[in-house]
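Residue numbering for the sequence shown follows this note's numbering, beginning at 2 and increasing consecutively. Just below is one structure, and these are the notes that go with it.
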Amino acid sequence: MPNSNLQKSLVRCDEILSRLKNTKKNIITTDQNMDLLNIESYIHTAELLNNMFTVSIIPTINKPTRITHSTATLIDNIYVKFNDFHTTVKSTYILFHFL
């Protein structure tokens, strides 16, 4: 995905997050195509996480959600803004992504 598309996605995400800033509870589900397991290599991924953390929204998945014979990436996630939440990654072998 070209950087301009990622940058547009981040701008749109910021617009949404600004509306959620003063809310108490939120759940955001994503298929973001930014690998949270490799944030050191991609500035857009680090920026996405920073923007989420700024409004107290945290990712709940920390294991790969897309696995191929040569890669394992975390590009799907559930972000929440409350404490009492639990997620699990299930391997189904039916879908292209696991969640």
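Even glycine gets a Cβ: it sits at the ideal position worked out from N, Cα and C. For clarity, every value in this text was computed on a predicted model and none was experimentally measured.
C-beta contact flag for residue i and residue j at 8 Å
i: Tyr-43; j: Met-53; result: no
i: Thr-46; j: Thr-88; result: no
i: Val-56; j: Leu-21; result: yes
N-terminal and C-terminal residue of the beta strand (DSSP E) that residue i is part of
i: Asn-78; result: 77-81
i: Thr-30; result: 28-32
Limits of the alpha helix (DSSP H) - the one that residue i falls within
i: Asn-52; result: 44-55
Contact set for residue i: own chain, Cβ-Cβ below 8 Å, skip 5 residues either direction
i: Asn-6; result: none
i: Asp-15; result: Asn-52
i: Gln-8; result: His-45
i: Ile-58; result: Leu-18, Leu-21, Asn-27, Ile-29, Tyr-80, Val-81 and Lys-82
beta-carbon residue i near the ligand NAP non-hydrogen atom, thresh 7 Å
i: Phe-86; result: As far as ligands go, the structure on display features none, and thus does not contain the ligand NAP.
Beta-carbon proximity list for residue i, same chain, < 6 Å, skipping 5 on both sides
i: Pro-3; result: In this prediction, Pro-3 scores a pLDDT of 46, lower than 50, which makes its location untrustworthy; no coordinate-derived value is stated.
i: Thr-24; result: none
* On the three-pair Cβ rule with 8 Å, is the stretch 27-34 touching the stretch 68-88? -> yes
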